[in-house]
Every structure is written in structure tokens, then in C-alpha cells.
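Colleague:
2 protein chains.
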Amino acid sequence: MARYQAGIRTEARIVEATRELLGKVGLDGTTLKAICDRADVRAGSFYNLFESKDDAVLHVVKDAIRAVDPHPAQDAPDSLKELVEAYISFITGQPEVARVYLKIAMSGATNGSLANSVRRHHERRVARFSLAIAGEHPELTDDEVTARAEIILATLSGLAFIWMLKPGFDFPSRARLAATSSLVKG
Amino acid sequence: MARYQAGIRTEARIVEATRELLGKVGLDGTTLKAICDRADVRAGSFYNLFESKDDAVLHVVKDAIRAVDPHPAQDAPDSLKELVEAYISFITGQPEVARVYLKIAMSGATNGSLANSVRRHHERRVARFSLAIAGEHPELTDDEVTARAEIILATLSGLAFIWMLKPGFDFPSRARLAATSSLVKG
DNA sequence: CCGGTTTTTGAGTATACACTCTATTTTGAG
DNA sequence: CTCAAAATAGAGTGTATACTCAAAAACCGG
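The listed protein sequences derive, respectively, from chains A and B. When we follow the numbering used here, the leftmost residue of the first sequence carries the number 973, and every step to the right adds one. When we follow the numbering used here, the leftmost residue of the second sequence carries the number 973, and every step to the right adds one.
1) Express the C-alpha separation of B:W1135 and A:R1120 in angstroms, rounding to a whole number.
2) Helix, strand or coil for A:R981, going by three-state DSSP, please let me know.
3) In chain A, which residues lie with their C-beta within 8 angstroms of the C-beta of B:R1091?
4) Kindly indicate which residue of A:I1124, A:S1154, A:K1005 has the alpha-carbon position closest to the one of A:H1094.
5) Starting from A:L1112, follow the alpha helix (DSSP H) in both directions and report where the run begins and ends.
6) Quick one: is A:I1007 near chain B, going by C-beta distance under 8 angstroms?
7) Applying a beta-carbon distance threshold of less than 7 angstroms, which residues of chain B neighbour A:R1146?
8) Which class does B:D1140 belong to by DSSP, given the choice of helix, strand or coil?
9) For B:F1133, would you say it is in contact with chain A, using Cβ-to-Cβ distances shorter than 8 angstroms as the test?
10) Can at least three beta-carbon pairs, one atom from the stretch 1009-1016 of chain B and one from the stretch 978-996 of chain B, be found at a separation below 8 angstroms?
11) With distances taken Cα to Cα, identify the nearest neighbour of A:S1154 among A:D1142, A:K1138, A:L1112, A:E992.
12) Closer than 6 angstroms by C-beta to A:A1106: which residues in its own chain qualify, once you throw out the five before and the five after it? Chain order, please.
13) Is the beta carbon of B:L994 sitting closer than 8 angstroms to the one on B:V1069?
14) Taking the alpha-carbon positions, what's the A:V1032 to A:G1001 distance?
15) Could you round the C-beta distance between A:R1100 and A:L1055 to whole angstroms and report it? I think they count as a contact, below 8 angstroms.
16) With B:A1104 and B:D1050 assumed to form a contact (beta carbons below 8 angstroms), what rounded beta-carbon distance in angstroms separates them?
17) Assuming B:Q1066 and B:A1028 are in contact, meaning their beta carbons sit under 8 angstroms apart, how far apart are those beta carbons, in whole angstroms?
18) Output yes or no for whether 8 angstroms exceeds the beta carbon distance between B:A1147 and B:L1131.
19) Indicate the three-state DSSP secondary structure (helix, strand or coil) for A:T1082 in the structure shown.
20) Just confirm the distance between the C-beta atoms of A:L1052 and A:E1108, as a whole number of angstroms; I'd bet it's less than 8 angstroms.
21) Spell out whether any CB of chain A is found under 8 angstroms from the CB atom of B:G995.
22) Here's the rule I'm using: 16 or more other beta-carbon atoms within 10 Å means buried, otherwise exposed. How should B:S1145 be labelled?
23) Is the CB-CB distance between A:K1034 and A:L1004 below 8 angstroms?
24) Answer with buried or exposed for B:Y1059, where buried requires no fewer than 16 other C-beta atoms within 10 angstroms of its C-beta.
25) Closest to A:Y1073 by CA distance: which of A:A978, A:G979, A:L1030, A:G1016 is it?
26) Whose C-beta lies closer than 7 angstroms to the C-beta of A:R975 among residues of the same chain, with five residues either side of it excluded?
27) By Cβ distance below 8 angstroms, which residues in the same chain neighbour A:A1150 in space, the five residues on each side in sequence not counted?
28) Counting only beta-carbon atoms, is B:G1130 nearer than 8 angstroms to chain A?
29) With DSSP collapsed to three states, give me the class of A:A1150.
30) Under DSSP, the alpha helix (DSSP H) around A:A1011 begins and ends at which residues?
31) Show which residues of chain A have a CB atom less than 7 angstroms away from the CB atom of B:L1103.
32) Hey, could you find the ends of the alpha helix (DSSP H) A:E1057 is sitting in?
33) For B:A1099, name the three-state secondary structure that DSSP assigns.
34) For B:T1127, go through chain A and note every residue whose CB falls closer than 7 angstroms to its CB, in chain order.
Right, dumping it as C-alpha cells:
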């Protein structure tokens, strides 16, 4: 082991370059050559530090996933409002990384470590939203709470999706409206 | 022009092969070679009938888009229930083509004829849903109606998205529940 | 400043892709 | 039957991709 400073700095540069590229040109445009050019590194150095191209992308996406949650370490339930605002910040703050997140989630069947990360993350978020909803709406049964959490999350993803389709779309206000109206008993 | 029967049959075989491939292996797996192998055609024949690979994919996606609408030619407004059921049928009936539809919608910035088709189709659907909602809820203003239409469509897309992530997810019942609860005044 | 370790280089490999081109065969109207 | 137009074959082109490897350079504890 005993890594040198140079290698550590290079690794950081590569991750940053990958993040910027995912933001600017999307997943398809984020080629190995593009990453290496932007990080000012040759292919050999890249593979000295990363297993594969996906390895670098995974780094970035995992960071993005972490960024969507407001207080990851905390056990106390957040309020639904807080959770929704955190999601809005995630989407509007890093739209292109959010697009990558959604794209990867959608990209494939059941395999691939990227897709697995996204799936696990989704489960955690449903649990998180469920906790908040249960706290604020004690009249709902457990199943109803889960259904509501899934619907709210689906709506947020779907609105984000539309926002990516039409840049002028007022995502934040639609998201806030949707979050309140999804809670009534159906 | 004066096309021969052989060419017409070959074209149909290519479209069908493309549709099946999009369903089985997704957009990335639908390569020219795969299409030609499945349609039992050589590359030269393919390009005698189609401008490009995207041209063939576009054929399939446009068919899928048409399939999502219950009565495309009709002017009378459908009921919201009908529209939601049509969407459910679309997603559960041709899940992999639906995935392609969502994927293409999400895939990129503002260019590409595929992305444009999807965008235009989304606008038409919002109009369609708005009409239904306005008919059933006269107490809502125009802006509120549009907002509700966009939210319902977003929720349906988002739920479809989750369903693709977790095959066991009960998409139809969630979709029906969501459609009713999204209509209250917020 | 020595010397093992880590890092870097950059040409090179293998592969996959969409697409082209020309020669050949097939079609079907007159 | 004829023959021009349509359809087909399939080898070939060009380009882009992720990734490898052996040699050279930089690093840093002692």
C-alpha cells in the first residue's frame, strides 16, 4: 500500500473530471478518453487507480446518492417537508448527476452494481419517507403509509423526469403541491 | 417507387425484429448486427430499406407511443379513469417497449428525433389528461387542472419507473390509487 | 542519496459499431 | 419473355471504444 501523494491527487482529479463530464455530456459522452483528457492523465494511469471506467462512474453516482439524503447518519425521523425539499435540492442542484442517477436506475434489468446501488437506495428512501408519513398521519395503516411513500417518491421522480424533458418546467412548486395532495386517504 | 412484395415483407421483418430486440435486450443491445441476424437479412438490405438504425428504432417507438392512447382519432374527451387504465395497459402490456420509451425520453438534452417524438407526445398527453380532469372537476382553475395533469402523468411515469426497478411492485393498484388522490385541491 | 515502491506514460491490442459499395439476383409490369 | 427497376448479399471501411503492458520516471522513508 503506502500510497504516494501524487496518486491520491490524481485519483481525485479523475473523479472530479468524471463528475463534470457526467454533468456536461451525460453517460454516453463520458468516455475514457474524455475523462483522461479532462483529468490530464494517460489511460495507463487511470487503470492504475481504477478497475474500469464504470468504477469511476460508480464513485460519482454513489456520492450523488449520498447527497440526496439530508441527514444520513441521524436516527430521528425527518419531516416529510424536509425530505421533499432535500429531493428538490438534489434535482435542481445537480441536475445532470440526477439524470445519471435516473438513467442508471432505468438502464437495466437486475444486474450491474450501479443498478443495485440505485435499487438499495430506493428502498432506504421508501423507508425514510414512510417513517415521516407515519409520524404525521397516525390514522393511516402501515400498508397505506408505504403506498403513500412509494407514490410520493414516484411522483418526485416523474416530475424530475418531466423537468429534464422540458427545462422550463417549474419542478419545485409542482413537487411541493404533489407532496401535499398525495396524502389523502383514497 | 413501385415496390416489390419481397421488399415490403423484408421491411416488416426488420421492424418486428427491432421491436423484439428492444423488448429483450434494450436499446443498447439492439445493434445493427442483432437486428439483421434476427430478421435474417444482410446489412446492405437493411440500408436499402432504412436510412439508419435509429430510423428502425423510431418506427417501433412511434408504434408504442400510438399504443398508449386509447382512441387517438377521437375528439370527445376520455374519462380520467380510461386514460389511466390505458397507461397501465401500455406499461404492463409492453413493458420493454415502455422502458425504451422512458429511456429515450430521459436520454438526452434537446436533440434527436426520438427525443422530440417523446416530448411532443408528452405535451399531447398533458392536454388529454387536462381535458378529462377539467370535465370531471369544474371547480379547478385552468392552471390547477394543468398542474394536476402533469402531476398525475409524472406519478404514472414514476411508478412505472419503480416497477421496472422492482419487478414485484404492484404497479396497477398503485397507479389507480395515485390517480384518485392527486386530484384534491392542495 | 539510495533503492524499493508507486506512479506515469503512450503506443498498442482487441473489439464492436454503424454504415458503404459493387456485383449479383429477383421481381413483375407490359 | 424481356428488361429495367428493386432487392440482396457480403466483404470492406472507418471510427470509436475500453483496456493492456513494458518501460521510464517520480516519490519518499531510511
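Glycine is no exception: its CB is placed at the ideal position from the N, C-alpha and C atoms. Fair warning: this is a prediction, and the values are worked out from it, not measured in the lab.
Modeller: Let me spell this out:
1) Approximately 15 angstroms between the Cα atoms of the pair.
2) When secondary structure is reduced to three states using DSSP, A:R981 falls in the helix class.
3) Residues of chain A passing the Cβ test: L1137, K1138.
4) Nearest option by C-alpha distance: A:I1124.
5) Neither: A:L1112 is in no alpha helix (DSSP H) and is coded neither H nor E.
6) Contacts with chain B at 8 angstroms (Cβ-Cβ) do not include A:I1007.
7) The contacting residues are A1119, E1122, I1123.
8) With the sequence shown as reference, residue 1140 of chain B is identified as Gly, and Asp is not the correct amino acid for it. In this structure, B:G1140 counts as coil in the three-state DSSP scheme.
9) Under the 8 angstroms criterion on CB atoms, B:F1133 is classed as interfacial with respect to chain A.
10) Touching, yes.
11) Minimum Cα distance to A:S1154 is reached at A:L1112.
12) The answer, listed in chain order, is V1117.
13) The criterion of a C-beta distance shorter than 8 angstroms is satisfied by B:L994 and B:V1069.
14) Going from the Cα of A:V1032 to the Cα of A:G1001 covers about 15 angstroms.
15) Contact between A:R1100 and A:L1055 holds: CB atoms are separated by about 6 angstroms, below the 8 angstroms threshold.
16) Yes, they are in contact, since the Cβ atoms of B:A1104 and B:D1050 sit about 6 angstroms apart, within 8 angstroms.
17) Not a contact, Cβ separation roughly 17 angstroms.
18) Pairing B:A1147 with B:L1131 gives a Cβ-Cβ distance under 8 angstroms.
19) With a pLDDT of 46 at A:T1082, under the threshold of 50, the modelled position of this residue cannot be trusted, and the question is left open.
20) Right, their Cβ atoms sit about 6 angstroms apart.
21) It does not; no Cβ of chain A falls within 8 angstroms.
22) Within 10 angstroms of the beta-carbon of B:S1145 lie fewer than 16 other beta-carbons, which makes it exposed.
23) No, the pair does not count as a contact, with Cβ atoms beyond the cut-off.
24) Taking all protein chains in view, the Cβ of B:Y1059 is crowded by 16 or more other Cβ atoms within 10 Å, so the residue is classified as buried.
25) Closest by alpha carbon: A:L1030.
26) Counting only Cβ-Cβ distances below 7 angstroms, and skipping sequence neighbours, we find nothing.
27) Excluding positions up to five away in sequence, the list reads I1124, T1127, L1128, L1131.
28) For B:G1130, at least one C-beta of chain A is nearer than 8 angstroms to its own C-beta.
29) Here A:A1150 carries a helix assignment [DSSP, helix/strand/coil].
30) It spans 1004-1011 - the alpha helix (DSSP H) in which A:A1011 sits, taken as one unbroken run.
31) The contacting residues do not exist; B:L1103 stays about 18 angstroms from chain A at best.
32) Per DSSP, A:E1057 is one residue of the alpha helix (DSSP H) stretching across 1052-1065.
33) Residue state, collapsed to three classes: helix.
34) By Cβ distance, chain A contributes I1123, A1126, T1127, G1130.
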